[in-house]
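Encoded as structure tokens, the structure appears first; notes follow it.
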Amino acid sequence: MINVLKFGGTSLADAKRIIFVSNIIEEKSKINKISVVLSAPATITNSLEKIIQLCLLKDKNYKKEIQNIKNKFDLIVKNIYKNNKNFLFKKIIKKINHEILFLKNTSKKIYLLNKCSKHIFAKVISRGEILSTQIMKQILLSKGHNITLINPVKKILAEGNILDAYVNINKSIKKIQKIKFKKNSIILMPGFIAGNKKKELVILGRNGSDYSAAILSACIKAQSCEIWTDVDGILTCDPKIFSNAKIIKKISYKNVTEISNLGAKVLHPKTIYPLKKFKIPCYIKNTFNKNFIGTKISNYSNKKIQNIYPNIAYIKNVTIFIIKTLNQRNINKIYKNLLKINKKESIILFFSINFIHRQSINIYVNNIHFEKVNFIIKKLIFNKKETYKKKIYKKISIISIIKPKLYQNKKIIQNIYQILYDLNIKTMYDIKNFSKNSISLIIKSKYKNKIINLLHKKIINNYKIIQIFLFGIGGIGQTLLKQINQEKKSLKKKNIIIKICLISNSNKILFQEKGIKINSWKEKFHTIKKKYFQEKFLINKIKKIIKKNNFINPSIVDCTSSKKISKEYLYFIKNKFNIITANKKFNTGNITDYKNIRKKININNKKFFYETNVGGGLPVIQTIQNLKQTGDKLINFKGILSGSLSFIFGKLEQKILFSDAIKQAKEKGLTEPDPREDLSGLDVARKLLIIAREFGYSLELKDIQIKKILPQLCNSNSTVQKFLKETKKFNKYFLNKIKSAKKNNKKIKFIAKISNKGKCTVQIEEVDKKDPLYEIKNGENALSFYTKYYQPIPLVIRGYGAGKKVTASGVLSDLLKTIV
Ligand code: ADP
Ligand code: ASP
Ligand code: MG
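17 is the number of the first residue of the sequence shown in my numbering; add one for each residue after it.
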């Protein structure tokens with residue numbers, strides 16, 4: 017029984033890691049016979065490729081690049097030697113110098129001749145694997161192990177493109193079988209490399225040492241093939257882009273092929289075929305978390321493994337060539353020609369033809385092949401009779417969402433496009449992939465990370481995200497923040513994430529696109545120095561923020577009483593915001609705006625919730641809307657809509673003097689800072705107007721008749737303190753009112769009414785025992801709806817209708833209704 021272990025460049029990036037890997041090899045070799053395939057240390061292959069590119073560009077910096085490679089290897093071996101004096105330092109330095117000399121001579125030739133054959137290219141860029149294998153061999157020898165080194169140029173037979181060759185497994189098996197392995201030896205082989213029929217070195221494509229490991233596993237009939245890298249296994253996304261990606265513990269050969277074909281770099285797509293053919297399970301393991309089980313890839317049927325393989329993969333650095341011509345046949349010709357060329361060269365990622373008219377073809381290419389493909393295309397369309405149009409888009413990424421039966425799930429597809437819509441990002445194209453389990457979006461690379469993060473959160477994790485702009489940090493605003501913070505955990509359990517992106521009062525703005533930490537928002541807010549002395553400047557700044565950024569399912573939460581903010585609702589809606597408001601100014605403004613916003617809400621598919629406009633957190637608006645939806649009609653309405661007045665009138669009934677009742681209400685924080693505002697009845701009138709409009713009455717605020725609570729005008733310019741003293745003069749007036757009501761077994765209340773003809777009044781009235789409003793006191797609200805369905809007994813809503821907590825929770829509940 018034999019196991020194959022492959023260590024990638026990330027596991028061999030420096031001396032420390034190489035020593036770490038050698039320890040794993042030793043440990044494993046004690047348990048089983050093992051074969052080890054090694055990559056070049058990370059970045060070395062890129063540097064080698066760069067040397068050639070620089071030479072071809074006649075750029076002498078190629079010399080620096082060679083020196084960098086030399087320095088890197090010198091440092092590695094020096095540090096290994098520091099740790100292990102048995103390591104034959106000089107011998108390995110000689111090998112390094114030998115390869116560096118080869119690089120110097122070869123690159124000079126490339127530079128002078130200005131060309132580089134594929135054979136030379138392959139030889140140059142495979143030097144990293146040659147050296148890392150030599151280093152590992154010396155480490156293991158120094159620890160007393162026997163080593164059998166496989167030369168893949170001789171033993172792995174490959175065909176096709178010299179730079180992206182395919183291995184002939186059957187012939188390679190025969191060659192490998194002829195090797196005489198040293199007794200108890202550890203087998204070592206450089207990855208990435210093979211040999212063709214002429215025994216020339218060829219390479220297996222970038223990132224191809226995974227494939228080498230699979231081939232070796234097939235050739236020696238390994239029990240398993242372990243790919244050791246720098247992540248815990250195959251995750252739901254590249255963790256470098258989305259750090260909370262989750263591990264996929266089991267995955268089938270078929271599904272992993274799809275993921276890696278769509279760009280997941282963790283495993284080269286060619287790796288799967290030999291493993292599948294020879295039924296060898298593959299494990300993806302983390303060199304730096306070696307005891308973690310990792311991912312097992314095997315012949316699983318999808319039914320057996322749950323949650324199979326949701327994944328987001330991407331290919332970056334793509335260029336798109338678009339060729340258009342009027343003649344369909346020419347498109348077909350181009351397509352066939354390119355197909356032929358690609359069979360030899362493997363330079364094109366994929367094509368897509370506009371199937372409706374067949375008048376254009378898109379060619380997707382990795383940037384590194386740009387020049388070559390550009391040249392080929394030019395040749396194909398140059399000097400032809402027909403006119404061709406060619407367009408090139410660079411800096412493109414292809415992002416793919418892979419989920420079982422994706423195409424049957426309309427909601428997911430909808431969600432994907434909603435995210436792009438919210439982010440204001442246009443996909444250049446989208447491609448339904450052959451398997452119907454994935455969709456690929458072609459987008460500008462600058463959006464890549466943002467889109468991947470959101471797609472993962474919303475499509476893979478199923479998170480429902482709400483981003484909010486909070487206006488107003490008085491009692492309600494602050495309590496709302498507290499409540500969101502308290503509920504954070506339980507919301508997360510339901511996959512709901514609320515992000516506060518902006519907090520503002522009338523002169524300051526705290527903005528953080530990624531979300532403000534609620535625990536420390538106050539300190540942050542206080543440290544803001546920039547102040548806006550006019551609200552309109554502050555609003556302009558907020559508009560700039562909206563223009564510059566894109567938000568996901570954003571909502572304005574208006575906890576102010578500002579008219580200036582409410583005037584901007586339409587702007588916010590047009591910019592894809594929902595509106596949640598405790599501010600009554602908009603809904604009591606002119607009726608044209610009132611009606612217009614409702615139209616715009618529908619057109620823009622947004623939400624406008626204002627449950628807290630009437631009755632604090634009580635379900636008033638929602639109830640009216642439900643009644644209307646089921647065809648009910650209002651006959652008349654009667655309600656106590658002010659918490660402060662409910663308290664004051666309740667106290668009067670308990671024989672407390674009017675002036676004392678006001679004082680108590682104020683002390684309890686139930687009144688506005690100036691209680692005259694409550695006593696004016698204007699706020700109740702506003703609430704009544706909102707109720708009436710909700711039932712379909714086209715009224716304005718001036719149509720609400722207010723009969724003043726106080727019998728005569730007080731000096732409205734006096735201070736609050738003075739006013740409170742002045743209230744004593746009304747004590748008698750109220751005592752008399754109560755007395756005369758009591759004679760008829762009635763109580764006085766401050767009542768808002770809509771008559772059956774739609775007349776709205778706000779005034780003190782006497783109510784009898786049968787009336788649902790009779791018992792209302794202590795700040796409670798009550799609303800009694802007498803309707804076509806609810807009669808003779810009316811529908812009554814009753815409860816605390818004011819106070820920070822209930823109102824903030826009403827706002828939060830509105831907010832949660834915006835979840836999509
Ligand atoms: P090695 O040098 O070991 O061959 P690679 O860089 O080729 O390593 O592949 C490992 C990298 O693949 C990870 O560091 C990670 O950034 C990336 N990657 C991309 N997609 C995924 C995924 N779905 N799961 C895990 N890693 C991924
Ligand atoms: N070193 C090669 C590359 O970087 C092969 C590999 O790492 O798999 O492409
Ligand atoms: Mg790799």
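C-beta atoms are modelled at their ideal positions from N, C-alpha and C, and glycine is treated no differently.
DSSP-derived helix/strand/coil call for residue i
i, result
"Cys298", "strand"
"Gly307", "It should be noted that the sequence gives Asn, not Gly, for residue 307. Residue state, collapsed to three classes: coil."
"Gln154", "helix"
"Gly211", "strand"
"Leu54", "strand"
"Pro168", "helix"
"Glu175", "strand"
"Gln375", "coil"
"Pro479", "In the sequence on display, residue 479 carries Tyr and not Pro. Here Tyr479 sits in coil by DSSP."
"Tyr805", "coil"
"Tyr351", "helix"
"Leu342", "coil"
"Asn260", "coil"
"Phe36", "helix"
"Ser201", "strand"
"Tyr610", "helix"
"Tyr182", "strand"
"Asn162", "strand"
"Gly655", "strand"
"Phe602", "coil"
"Leu686", "coil"
"Ile250", "coil"
"Leu695", "helix"
"Ile484", "strand"
"Leu831", "helix"
"Ser142", "coil"
For residue i: DSSP bridge partner residues
i, result
"Tyr380", "Ile336, Phe366"
"Val282", "Partner(s): none; Val282 has no beta bridge."
"Ile132", "This sequence places Cys at residue 132; Ile is not what is there. For Cys132, which the question treats as bridged, DSSP gives no partner whatsoever."
"Asn797", "Gly815"
"Thr245", "Asn302"
"Tyr330", "Ile415"
"Thr597", "Asp574"
"Leu268", "One detail in the question is off: residue 268 reads as Ser in this sequence, not Leu. In the DSSP output, where bridge partners are listed per residue, Ser268 has Ser314."
"Pro206", "Leu54"
"Val20", "Ser51, Cys241"
"Val630", "Its beta-bridge partners do not exist; DSSP assigns none."
Selection from the options that minimises the alpha carbon distance to residue i
i, options, result
"Lys833", "Ser571, Phe588, Lys611", "Ser571"
"Ile525", "Lys505, Ile678, Lys616, Ile562", "Ile562"
"Ile467", "Gln430, Lys758, Ser413", "Ser413"
"Leu698", "Ile672, Cys776, Tyr749, Ile60", "Cys776"
"Ile116", "Lys107, Val140, Thr311, Leu129", "Val140"
"Phe602", "Lys590, Asn591, Ser577", "Ser577"
"Ile581", "Ile596, Lys592, Ile568", "Ile596"
"Asn6", "Val169, Gln154, Pro168", "Lying before the first or after the last residue shown, residue 6 is absent from the chain, which here runs from 17 to 836."
"Lys703", "Trp244, Gly605, Val282, Ile50", "Gly605"
"Ser825", "Gly632, Phe750, Lys671, Glu716", "Gly632"
"Ile377", "Glu387, Tyr351, Asn358", "Tyr351"
"Asn260", "Ser268, Ile250, Ile492, Ile267", "Ile250"
"Ser362", "Cys241, Lys452, Gly176", "Gly176"
"Val827", "Phe653, Pro635, Ile275", "Pro635"
"Phe308", "Lys270, Lys293, Lys265", "Lys265"
"Ile519", "Glu781, Gln499, Gln528, Asn212", "Gln528"
Min CB distance residue i to chain C below 8 Å
i, result
"Lys448", "Protein chains in the displayed structure number just one, and chain C is not present."
Q | Sequence-ordered residues whose beta carbon comes within less than 5 Å of a heavy atom of ligand 3 | A | Any residue whose Cβ sits closer than 5 Å to a heavy atom of ligand 3 makes the list: Gly24, Asn223.
Q. Mind pulling the beta strand (DSSP E) runs of 3 or more residues that sit fully within the stretch 489 to 572?
A. List check, beta strand (DSSP E) in window: 512 to 520, 525 to 527.
**Q.** Completely contained beta strand (DSSP E) runs for the stretch 64 to 129, where each covers 3 or more residues
**A.** For the stretch 64 to 129, not a single whole beta strand (DSSP E) run of length 3 or above is found.
**Q.** 4 or more residues per run - each alpha helix (DSSP H) lying fully within the stretch 706 to 792
**A.** 736 to 742, 747 to 759
Q. Quick one: complete beta strand (DSSP E) runs, 3+ long, within the stretch 375 to 458?
A. 376 to 382, 405 to 418, 445 to 448
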